[in-house]
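Each remark here refers to the structure printed beneath this line.
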Amino acid sequence: MRVDESSSDDFCLYGKEDGELALDRLYWISDYPDVVDDRDVYPTDVAEQDLQLVYYGEQLIDVLTVALEEKPDASHQDLVEALNYYQQHDSFMPFDD
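First residue of the sequence shown? That's -10 in this note's numbering, and the numbers climb one at a time after it.
Written out as structure tokens, the structure is:
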């Protein structure tokens, strides 16, 4: 897996639950929420399905890029763990050699 530097980060990842990411859950990609009167207004498709914001695209791409630089052969589970680590610690997960 590789993250292309030209990848667009103009999206958000949404899910039914806003906790840790998991490989066995389904997620939805949609637009960023708009801010109206200091409140987030989610895209219609997100609101209709009662989804929660899980990750901003820019952060998601950054975390995946760093994880793959640190561990080029990272598994899907490694990448999910890196994303969850970032959400919990606001820093990139160190990969042990």
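Ideal Cβ positions, reconstructed from N, Cα and C, are used throughout, including at glycine. Just so we're clear, the structure is a prediction, and the values are computed from it rather than from any experiment.
Would you mind sorting residue i into buried or exposed? The rule is 16 or more other CB atoms within 10 Å of its CB.
i	result
Leu53	buried
Ala36	exposed
Tyr75	buried
Ala11	exposed
Leu15	exposed
Report the option in the options whose CA atom is closest to the CA atom of residue i.
i	options	result
Val69	Tyr21, Asp85 and Ala56	Ala56
Asp13	Gly4, Tyr31, Val30 and Tyr21	Gly4
Trp17	Ser(-3), Gln41 and Asp67	Gln41
Leu72	Glu58, Asp62 and Ile50	Ile50
Run through DSSP, which three-state label would residue i get?
i	result
Gln48	helix
Tyr3	strand
Gln41	strand
In the DSSP assignment, what are the bridge partners of residue i?
i	result
Val25	Arg28
Ser19	Cys1
Assuming residue i and residue j are in contact, meaning their beta carbons sit under 8 Å apart, how far apart are those beta carbons, in whole angstroms?
i	j	result
Asp79	Gly46	Asp79 to Gly46, Cβ: 17 Å. No contact.
Leu2	Val43	5 Å
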